[in-house]
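Numbering of the sequence shown is given in UniProt numbering, commencing with residue 1 and proceeding in unit increments.
Note sheet for the following structure.
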Amino acid sequence: MLSLLKKLTTGTPAPAAPVADKVDPYMLGLHDAMLSGWFNQQTGELFTGFPVTPEDTLLDVGCGDGGNVHFCGMRGAKIIIADIDAAKVEATRQRLSDTPAREVECHVTDCNPLPIADATATRVVSTEVIEHVDDPAQFLAELVRVGQPGALYLLSVPHPSSEDLQKDIAAPEYFRKPNHIRIISEEQFKAMVSDAGLEVLSHSQYGFYWSMWMLLFWEAKVDFSNADHPLLNHWADTWQAVLNSPRGAQIKQALDAVVAKSQVIIARKPGGLS
Numbered sequence: 001m002l003s004l005l006k007k008l009t010t011g012t013p014a015p016a017a018p019v020a021d022k023v024d025p026y027m028l029g030l031h032d033a034m035l036s037g038w039f040n041q042q043t044g045e046l047f048t049g050f051p052v053t054p055e056d057t058l059l060d061v062g063c064g065d066g067g068n069v070h071f072c073g074m075r076g077a078k079i080i081i082a083d084i085d086a087a088k089v090e091a092t093r094q095r096l097s098d099t100p101a102r103e104v105e106c107h108v109t110d111c112n113p114l115p116i117a118d119a120t121a122t123r124v125v126s127t128e129v130i131e132h133v134d135d136p137a138q139f140l141a142e143l144v145r146v147g148q149p150g151a152l153y154l155l156s157v158p159h160p161s162s163e164d165l166q167k168d169i170a171a172p173e174y175f176r177k178p179n180h181i182r183i184i185s186e187e188q189f190k191a192m193v194s195d196a197g198l199e200v201l202s203h204s205q206y207g208f209y210w211s212m213w214m215l216l217f218w219e220a221k222v223d224f225s226n227a228d229h230p231l232l233n234h235w236a237d238t239w240q241a242v243l244n245s246p247r248g249a250q251i252k253q254a255l256d257a258v259v260a261k262s263q264v265i266i267a268r269k270p271g272g273l274s
């Protein structure tokens with residue numbers, strides 16, 4: 001189920017919303033994520049408050065299909081990727097080969113511990129991973145260890161509003177190992193990050209569109225690789241119409257605040273310069 005968000009971030013995103021007659025739900029989700037602060041080509045921010053430059057050494061732990069690091073590779077940073085899935089690490093390595101990343105380093109690892117030296121990275125990314133791991137404190141301790149003083153961290157987990165919505169609808173394996181083995185509240189997430197020794201700079205949420213899409217996905221009973229069903233198609237059409245409406249951005253913001261797919265924390269390791 002982790003692959004759902006990763007599908008949003010494969011490759012470098014286009015700046016415009018989809019315009020085809022049939023709305024592509026994944027491209028629409030990508031556009032929706034960009035409206036929420038992801039993949040800002042103008043500012044070079046992977047997410048609002050998380051700039052990436054050629055001087056950075058960026059580590060992505062749980063890199064998945066590599067969408068996040070592709071954006072960062074296009075900024076010219078040194079990229080270090082780590083994932084337990086060797087096939088995903090190799091696919092991401094290949095994806096990065098067409099970027100101006102100044103160096104690419106790859107690790108297949110369960111992150112316990114990370115095979116990376118102390119104080120290596122200036123930027124650390126780990127999206128939609130903590131809800132999967134057995135020991136979040138140990139996992140975060142490793143992320144903190146490998147960051148330089150002053151390093152910025154971009155961390156995300158599913159928002160409890162969306163997870164609670166799925167509870168009685170999702171397939172049983174959605175809340176079983178190796179998928180989501182815990183639901184993390186906003187307070188718990190902030191406490192996890194603070195207890196690991198990081199300073200929380202911002203805490204936001206987004207993804208009403210994907211929360212509803214997931215709910216309908218379980219009812220449609222189709223495969224992720226071919227999620228073609230009237231329920232899903234009509235929902236994508238509706239959300240596209242919402243975003244295109246005069247107050248679409250305002251409506252999206254209001255709904256994201258009620259039911260969000262993900263919550264995102266930008267944090268900083270004390271010391272040094274960010």
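Glycine included, every Cβ here is placed at the ideal spot set by N, Cα and C.
None of these values were measured; they are calculated from a predicted model.
Exposure label - residue i; buried when at least 16 CB within 10 Å
{"i": "glutamate 90", "result": "exposed"}
{"i": "aspartate 60", "result": "buried"}
{"i": "valine 144", "result": "buried"}
{"i": "threonine 92", "result": "buried"}
{"i": "proline 230", "result": "exposed"}
{"i": "serine 194", "result": "exposed"}
{"i": "serine 245", "result": "exposed"}
{"i": "threonine 43", "result": "exposed"}
{"i": "valine 258", "result": "exposed"}
{"i": "glycine 62", "result": "buried"}
{"i": "lysine 167", "result": "exposed"}
{"i": "isoleucine 169", "result": "exposed"}
{"i": "serine 162", "result": "buried"}
{"i": "proline 270", "result": "exposed"}
{"i": "threonine 99", "result": "buried"}
{"i": "threonine 53", "result": "exposed"}
{"i": "aspartate 223", "result": "exposed"}
{"i": "alanine 254", "result": "exposed"}
{"i": "aspartate 256", "result": "buried"}
{"i": "glutamate 45", "result": "buried"}
{"i": "glutamate 199", "result": "exposed"}
Contacts around residue i, its chain only, beta-carbon distance under 8 Å, and the 5 residues preceding and following it disregarded
{"i": "alanine 117", "result": "Val146"}
{"i": "alanine 260", "result": "His159, Ser161, Ser162, Gln205, Tyr206, Gly207, Phe208, Ser211"}
{"i": "histidine 180", "result": "Met1, Glu131, His132, Pro158, Glu163, Tyr174"}
{"i": "proline 18", "result": "Because proline 18 carries a pLDDT of 44, less than 50, the predicted location of this residue cannot be relied on, and no value is offered for it."}
Closest Cα partner of residue i within the set the options
{"i": "cysteine 72", "options": "Phe47, Ala86, Asp83, Lys88", "result": "Phe47"}
{"i": "alanine 220", "options": "Ala171, Ser161, Arg182", "result": "Ala171"}
{"i": "phenylalanine 50", "options": "Val125, Gly197, His132, Gln253", "result": "Val125"}
{"i": "alanine 86", "options": "Asp168, His70, Thr109", "result": "Thr109"}
{"i": "serine 204", "options": "Ser156, Ala119, Thr120, Ile181", "result": "Ser156"}
{"i": "lysine 190", "options": "Arg268, His70, Asp32", "result": "Arg268"}
{"i": "residue 292", "options": "Ile130, Ala249, Asp135", "result": "Lying outside 1 to 274, the shown extent of the chain, residue 292 is not represented and no answer is given."}
{"i": "methionine 192", "options": "Val264, Leu28, Asp32", "result": "Val264"}
{"i": "proline 149", "options": "Leu140, Gly272, Leu165", "result": "Gly272"}
{"i": "proline 178", "options": "Ser97, Ser225, Asp134", "result": "Asp134"}
{"i": "isoleucine 184", "options": "Asp228, Asp164, Thr120, Ser202", "result": "Asp164"}
{"i": "isoleucine 84", "options": "Ala227, Val129, Arg247", "result": "Val129"}
Presumed contact (8 Å Cβ cut-off) between residue i and residue j, rounded CB distance
{"i": "serine 262", "j": "proline 158", "result": "6 Å"}
{"i": "lysine 88", "j": "glycine 67", "result": "Wrong, their Cβ atoms sit about 11 Å apart, outside the cutoff."}
{"i": "proline 160", "j": "glutamate 142", "result": "Contact flag wrong, Cβ pair sits at about 25 Å."}
{"i": "arginine 95", "j": "histidine 132", "result": "The pair is not a contact, with the Cβ atoms about 22 Å apart (cut-off 8 Å)."}
{"i": "tyrosine 174", "j": "isoleucine 266", "result": "Contact doesn't hold; Cβ gap of about 27 Å is too wide."}
{"i": "alanine 82", "j": "histidine 107", "result": "4 Å"}
{"i": "leucine 58", "j": "glutamine 240", "result": "No, leucine 58 and glutamine 240 are not in contact; Cβ-Cβ is about 32 Å, not under 8 Å."}
Close-in-space but distant-in-sequence residues of the same chain around residue i (CB under 7 Å, 5 per side omitted)
{"i": "leucine 232", "result": "Pro25, Trp213, Leu216, Phe217, Ala220"}
{"i": "arginine 182", "result": "Glu131"}
{"i": "residue 278", "result": "Outside the displayed span of the chain (1 to 274) sits residue 278, for which this structure offers no information."}
{"i": "alanine 111", "result": "First, the residue type needs correcting, since residue 111 is cysteine and not alanine in the sequence shown. Cβ within range, chain order: Val61, Ala82, Phe139, Glu142."}
Cβ-based neighbour list, residue i, same chain, cut-off 6 Å, excluding 5 preceding and 5 following
{"i": "aspartate 56", "result": "Ala77, Thr122, Arg123"}
{"i": "residue 276", "result": "Lying outside 1 to 274, the shown extent of the chain, residue 276 is not represented and no answer is given."}
{"i": "serine 197", "result": "A small correction: the amino acid at residue 197 is glycine; serine does not occupy that position in the sequence shown. For glycine 197, where only same-chain residues beyond five positions count, the Cβ hits under 6 Å are Val144."}
{"i": "alanine 119", "result": "Gln148"}
{"i": "lysine 22", "result": "none"}
{"i": "threonine 127", "result": "Ser156"}
Checklist entry - If we count Cβ pairs, one from each stretch, closer than 8 Å, do we get three or more for the region 77-92 versus the region 102-117? => result They touch, by the three-pair rule.
Next on the checklist: Under 8 Å: do the region 205-215 and the region 231-249 share three or more Cβ pairs, one atom per stretch?
Outcome noted: Touching, yes, given that three or more Cβ pairs across the two stretches are closer than 8 Å.
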